[in-house]
Every structure is written in C-alpha cells, then in structure tokens.
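Enquirer: Residue numbers (the working numbering): 4 to 144. The structure that follows is given in the form of structure tokens.
Put into structure tokens, the structure is as follows:
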C-alpha cells in the first residue's frame, strides 16, 4: 500500500559481466550456489556484486593463476584508435594510451593536433562522452 505522500524511488542497476573461458571440469559457485553445467559456451553471466568461487578440477595446487580481465573497448577518434576500457575521463584514456595521446595542460593532444568537438577543445578532466563520438576531431597545430 502506497503512503498518502510523494515518494522518490531510486533504482541502482549493476552491470552484467561474462565469466569466460572456464576450464573444463571446474566448478563455479555464485553467491555460494553451485552453477549448473554445462556452462553456456564456457561462460557464465554474473553481476558486479556477485561473489564468485572457482573450484578447480583435480589438484588445486597446480593452478598457477586466475586473471580477471575487462572486455577491451576500442574507439576510433578521427583516425586514432584508443582503448577506453573502464575509462570515464579523458585523463584516464590518456593514461591508458601512452604515445597516442597526451595531456597538453588544458587540452588533449596528439601528433594530429588538439582534440575538440563542434564547440570547444577537450580538457583531460572532461568526461568521455560517447554521444560526441562523431564530432570529436583533431585540430591541426
């Protein structure tokens, strides 16, 4: 039953991820619950809040390492391909792509010039905006 006053509902969504390349014979528990086999194409969908336990088949002492990797996200900015995996701000994109782009003080720069959109130059502290993908351009020096 709803109260007789206004409410504000805030909903938070958690991003889904695929746990990929699960070795044959390994058991996966998500939040303590063993997942049924076979896994969908050796992968399993999980969310960022899940607790995941990997149980190797056979002798667990033979497992050298398990690596958590993000899916690589590449974008083409006016002829320069950049890895923006996990990046929100241009400063993070610069750090992830050394030698391709750089922090030029108040501007993002490259061998092709200064990065801008139809309105202004891009500052390293600016957030990356996917909606501007088609208008980002390198303006020559």
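Every residue gets a Cβ at the ideal spot worked out from N, C-alpha and C, and that includes glycine.
What is the DSSP secondary structure of residue 135, counted as helix, strand or coil?
Expert: By 1-based counting over the chain shown, the position of residue 135 is 132. Residue 135: helix per DSSP, three-state reduction.
Enquirer: Between the alpha carbons of residue 114 and residue 21, how many angstroms are there, rounded?
Expert: Looking up residue 114 in the chain shown gives position 111. Looking up residue 21 in the chain shown gives position 18. Near 37 Å, if we compare the C-alpha coordinates of residue 21 and residue 114.
Enquirer: Look up residue 25 in the DSSP assignment and say whether it is helix, strand or coil.
Expert: The sequence position of residue 25 within the chain shown is 22, counting from 1. Looking at residue 25 - three-state DSSP - the assignment turns out to be coil, as it is neither helix nor strand.
Enquirer: Would you mind reading off the limits of the beta strand (DSSP E) that contains residue 141?
Expert: The residue labelled residue 141 in the question sits at position 138 within the chain shown. 140 to 142 is the extent of the beta strand (DSSP E) around residue 141.
Enquirer: Mind checking which residues open and close the beta strand (DSSP E) that includes residue 46?
Expert: As a first step, residue 46 must be located in the chain shown, where it is residue number 43. First-last for residue 46: undefined, no H or E at that position.
Enquirer: Starting from the Cα of residue 90, find the closest Cα among 36, 77, 41 and give me that residue.
Expert: Here residue 90 refers to the residue found at position 87 when the chain shown is read from its first residue. Closest by alpha carbon: 77.
Enquirer: Can you check whether the CB of residue 104 is closer than 8 Å to the CB of residue 112?
Expert: The residue given as residue 112 occupies position 109 in the chain shown. The residue given as residue 104 occupies position 101 in the chain shown. Closer than 8 Å, so yes.
Enquirer: Residue range of the beta strand (DSSP E) that residue 80 falls in?
Expert: Position 77 of the chain shown, counted from the first residue, corresponds to residue 80. Element bounds for residue 80: 77 to 80.
Enquirer: Please state if the CB of residue 99 and the CB of residue 86 are separated by a distance shorter than 8 Å.
Expert: The sequence position of residue 86 within the chain shown is 83, counting from 1. The sequence position of residue 99 within the chain shown is 96, counting from 1. Contact: yes.
Enquirer: Would the beta-carbon of residue 33 fall within 8 Å of that of residue 25?
Expert: To locate residue 33, count along the chain shown from 1; it is residue 30. To locate residue 25, count along the chain shown from 1; it is residue 22. No, the Cβ-Cβ distance between residue 33 and residue 25 is not below 8 Å.
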